[in-house]
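S.K.: Chains as they are written, first to last, in the numbering used here: chain A, 4 to 301; chain B, 2 to 195. The beta carbon of each residue, even a glycine, is placed where N, CA and C say it ideally should be. Before I ask anything, let me first share the structure, which is written out below as structure tokens.
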């Protein structure tokens with residue numbers, strides 16, 4: 004008996020560490036781009052885009068199931084689509100932060116008449132999305148390699164507006180600090196058409212969380228806060244009076260996106276009001292934006 | 002020596018803040034930092050040239066003080082017209098590479114040239130014999146570059162966490178002006194020691 008235990012211990016000590024964490028995971032593409040290390044990894048049932056900034060801290064940016072590529076993998080992506088309850092027929096959509104392109108892909112499918120502009124700072128990420136994640140802009144769509152804030156300012160100068168804006172430029176590891184300020188959010192708000200919706204996917208779970216809350220409150224009259232245990236936080240707001248939750252529930256009942264992994268009714272249950280205490284945190288501005296210092300340890 | 006330290010400190014602190022100031026207009030892409038560093042290096046090199054020239058004619062601690070006053074004063078346009086200038090450049094130049102380069106020149110060229118004149122002028126004030134000139138110059142580089150290192154560290158680790166960009170810039174400007182005034186006051190009595 005004790006020998007059996009011993010042999011298991013030995014097996015655990017010597018053999019298990021030699022085995023990869025996930026047996027079938029295979030890196031099929033690797034590139035050191037201007038901004039980060041990009042990896043495309045095939046697992047048993049899905050393909051993922053990863054940004055490997057340091058050993059041991061790898062963040063999965065975007066994943067796609069082999070047998071059901073339209074079905075969203077991550078919770079945050081599913082929460083993002085809640086925003087369409089407030090503007091069910093968006094004509095112009097802006098996505099800042101492309102990643103693997105899974106969200107714009109699904110938007111192309113759900114809103115065939117829409118025009119989607121995607122902005123991504125890293126040209127290598129755009130190539131990967133197109134080559135490995137079957138992201139293909141349609142004729143009316145555009146994909147631009149540019150800093151998100153620069154794009155927003157240019158768009159304002161040329162008097163454009165959008166019905167739906169998705170802010171998805173944070174990687175969890177690093178936050179572009181000029182895109183987490185009151186001024187930036189105000190610029191995005193200005194870029195919204197009347198009745199337009201803005202959805203932000205952020206990662207913060209640290210000290211930054213309170214500052215983020217206060218900053219959104221400083222730029223918008225209202226917002227919905229959605230938080231999952233996975234560390235993702237999705238904020239939804241818009242250029243409209245605060246929608247009534249019951250009305251949204253009614254709308255949610257009439258749309259069935261469960262085949263894409265999205266349960267709109269359940270999503271609405273995740274909405275919570277921002278806490279009063281968080282609203283007292285210092286607002287992040289162009290003058291004061293140490294987002295990464297606040298997001299770090301300590 | 003204290004003056005050279007504060008000069009070095011200010012240069013790098015302002016360079017870091019330059020990134021902060023440009024980001025809302027030109028982003029934080031790699032070429033924005035490229036523009037900033039290019040302009041600072043170019044301005045410093047011209048500043049060294051100018052400082053050397055100035056030190057030839059009747060150098061004095063009092064005049065050295067005026068250099069600091071001037072450097073402090075050149076920060077004022079950053080505070081007053083920074084956003085207006087960047088907005089104008091943004092509207093005029095579509096390519097963010099040349100936009101950030103042009104904005105860097107417009108905002109930081111003159112202050113950095115002014116701060117660049119400090120080191121060679123200080124060398125002239127402190128050197129008493131040719132034999133010691135290398136040693137004095139070496140020690141001045143040491144002090145001013147140490148100031149730069151500390152300016153970089155404190156600004157990026159702590160100042161941006163505690164203060165607003167404008168508050169830090171005003172403080173640096175005031176520190177330079179205070180240095181200038183101190184040099185002028187001390188310069189009345191003697192003509193040595195920077």
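Taking 9 Å as the threshold (beta carbon to beta carbon), is residue 166 of chain B in contact with chain A?
M.R.: So yes, residue 166 of chain B belongs to the interface.
S.K.: Could you check how far apart the C-beta atoms of residue 37 of chain B and residue 105 of chain B are, in whole angstroms? I think they sit under 8 Å.
M.R.: Sure, about 5 Å apart at Cβ, within 8 Å.
S.K.: Using the Cα positions of residue 149 of chain A and residue 31 of chain B, report the straight-line distance between them to the nearest angstrom.
M.R.: Whole-angstrom Cα-Cα distance: 11 Å.
S.K.: With distances taken from CA atoms, which of B:83, B:95, B:66 is nearest residue 118 of chain B?
M.R.: Closest option to residue 118 of chain B, Cα to Cα, is B:66.
S.K.: Give the single residue among B:91, B:49, B:7 whose Cα lies nearest to the Cα of residue 158 of chain A.
M.R.: Cα-wise, what sits closest to residue 158 of chain A is B:91.
S.K.: Please report the Cβ distance between residue 145 of chain B and residue 35 of chain B, rounded to the nearest whole angstrom; I am assuming they are in contact, meaning their Cβ atoms lie under 8 Å.
M.R.: Contact flag wrong, Cβ pair sits at about 24 Å.
S.K.: Taking 8 Å as the cut-off, is the CB of residue 170 of chain B close to at least one heavy atom of the ligand PLP?
M.R.: Because no ligand of any kind appears in the structure shown, any question about the ligand PLP cannot be addressed here.
S.K.: Could you compute how far the alpha carbon of residue 171 of chain B sits from the alpha carbon of residue 86 of chain B?
M.R.: So the alpha carbons of these two residues sit roughly 18 Å apart.
S.K.: DSSP beta-bridge partners for residue 195 of chain A?
M.R.: Per DSSP, A:165.
S.K.: Is residue 37 of chain B close to chain A? Criterion is C-beta to C-beta, closer than 9 Å.
M.R.: By this cut-off, residue 37 of chain B is not an interface position.
S.K.: In chain order, which continuous runs of the alpha helix (DSSP H) of length 4 or greater are located wholly inside the stretch 94-131 of chain A?
M.R.: Segments of the alpha helix (DSSP H) lying fully in the stretch 94-131 of chain A: 105-113.
S.K.: Are residue 143 of chain A and residue 118 of chain A touching if we call contact CB-CB under 9 Å?
M.R.: It is a contact, given that the beta carbons lie within the stated cut-off.
S.K.: Note down the Cα distance separating residue 101 of chain B from residue 84 of chain B, rounded to an integer number of angstroms.
M.R.: Whole-angstrom Cα-Cα distance: 13 Å.
S.K.: Put residue 301 of chain A into one of helix, strand or coil per three-state DSSP.
M.R.: The predicted model places residue 301 of chain A with a pLDDT of 49, which falls under 50 and marks its position as unreliable; any figure quoted below should be read in that light. Residue 301 of chain A: coil per DSSP, three-state reduction.
S.K.: Taking Cβ-Cβ distances shorter than 7 Å, what residues in chain A pair up with residue 26 of chain B?
M.R.: Ordered by position in chain A, the residues that pass the 7 Å Cβ test against residue 26 of chain B are 156.
S.K.: Out of A:135, A:78, A:75, A:74, which has the shortest C-alpha to C-alpha gap to residue 41 of chain A?
M.R.: Nearest option by C-alpha distance: A:135.
S.K.: Hey, residue 198 of chain A and residue 242 of chain A are a contact pair by Cβ (cut 8 Å); roughly how many whole angstroms apart?
M.R.: Indeed they touch by this definition, with Cβ atoms about 6 Å apart.
S.K.: For residue 206 of chain A, name the three-state secondary structure that DSSP assigns.
M.R.: It is coil, neither helix nor strand.
S.K.: Between which residues of its own chain and residue 156 of chain A is the CB-CB distance below 7 Å, once the five residues before and five after are set aside?
M.R.: Hits under 7 Å: 190.
S.K.: Rounded to whole angstroms, how far is the Cβ of residue 95 of chain A from the Cβ of residue 166 of chain A, which I believe are closer than 8 Å?
M.R.: 5 Å between Cβ atoms; contact.
S.K.: To which residues does DSSP link residue 42 of chain A through a beta bridge?
M.R.: DSSP output for residue 42 of chain A lists A:33, A:53 as bridge partner(s).
S.K.: Would DSSP call residue 58 of chain B helix, strand or coil?
M.R.: Residue 58 of chain B: coil per DSSP, three-state reduction.
S.K.: For residue 36 of chain B, list the residues DSSP reports as bridge partners.
M.R.: Answer by DSSP bridge pairing: none, since residue 36 of chain B is not bridged.
S.K.: Starting from the N-terminal side, write out each stretch of the alpha helix (DSSP H) that is 4 residues or longer and does not extend beyond the stretch 36-109 of chain B.
M.R.: The stretch 36-109 of chain B contains these whole alpha helix (DSSP H) runs: 62-75, 77-93.
S.K.: Can you give me the C-alpha to C-alpha distance between residue 246 of chain A and residue 163 of chain B, rounded to a whole angstrom?
M.R.: Distance between the alpha carbons of residue 246 of chain A and residue 163 of chain B: 37 Å.
S.K.: Using a 10 Å radius around the Cβ and a threshold of 16 neighbouring Cβ atoms, would you call residue 304 of chain A buried or exposed?
M.R.: Residue 304 of chain A is absent from the model: chain A starts at 4 and stops at 301.
S.K.: Chain A partners of residue 92 of chain B, CB-CB under 7 Å?
M.R.: Going along chain A in sequence order, the residues near residue 92 of chain B (Cβ under 7 Å) are 160.
S.K.: Note down the Cα distance separating residue 311 of chain A from residue 234 of chain A, rounded to an integer number of angstroms.
M.R.: Outside the shown range of chain A, which is 4 to 301, sits residue 311 of chain A, and nothing can be said about it.
S.K.: Do you know how far the Cα of residue 133 of chain A is from the Cα of residue 50 of chain A?
M.R.: Going from the Cα of residue 50 of chain A to the Cα of residue 133 of chain A covers about 14 Å.
S.K.: To the nearest angstrom, how far is it from the Cα of residue 290 of chain A to the Cα of residue 80 of chain B?
M.R.: Near 12 Å, if we compare the C-alpha coordinates of residue 80 of chain B and residue 290 of chain A.
S.K.: Please confirm whether residue 296 of chain A and residue 271 of chain A have their CB atoms less than 9 Å apart.
M.R.: Taking 9 Å as the Cβ cut-off, residue 296 of chain A and residue 271 of chain A do not qualify as a contacting pair.
S.K.: Using 10 angstroms around the beta-carbon of residue 91 of chain A, count the other beta-carbons present and answer buried if the total reaches 16, otherwise exposed.
M.R.: Its Cβ having fewer than 16 others within 10 Å, residue 91 of chain A is exposed.
S.K.: Can you list the residues of chain B that residue 290 of chain A reaches, using a CB-CB cut of under 7 Å?
M.R.: 165, 166, 167, listed in chain order.
S.K.: Relative to the C-alpha of residue 232 of chain A, which candidate in A:77, A:67, A:181, A:34 has its C-alpha closest?
M.R.: Nearest C-alpha to residue 232 of chain A: A:77.
S.K.: If I follow the unbroken beta strand (DSSP E) through residue 148 of chain A, where does it start and stop?
M.R.: First-last of the beta strand (DSSP E) with residue 148 of chain A: 145-148.
S.K.: State the CB to CB distance for the pair residue 17 of chain B and residue 130 of chain B, rounded to an integer number of angstroms; the pair is presumed to be in contact (CB under 8 Å).
M.R.: Not quite, the Cβ-Cβ distance comes to about 38 Å (not below 8 Å), so this is no contact.
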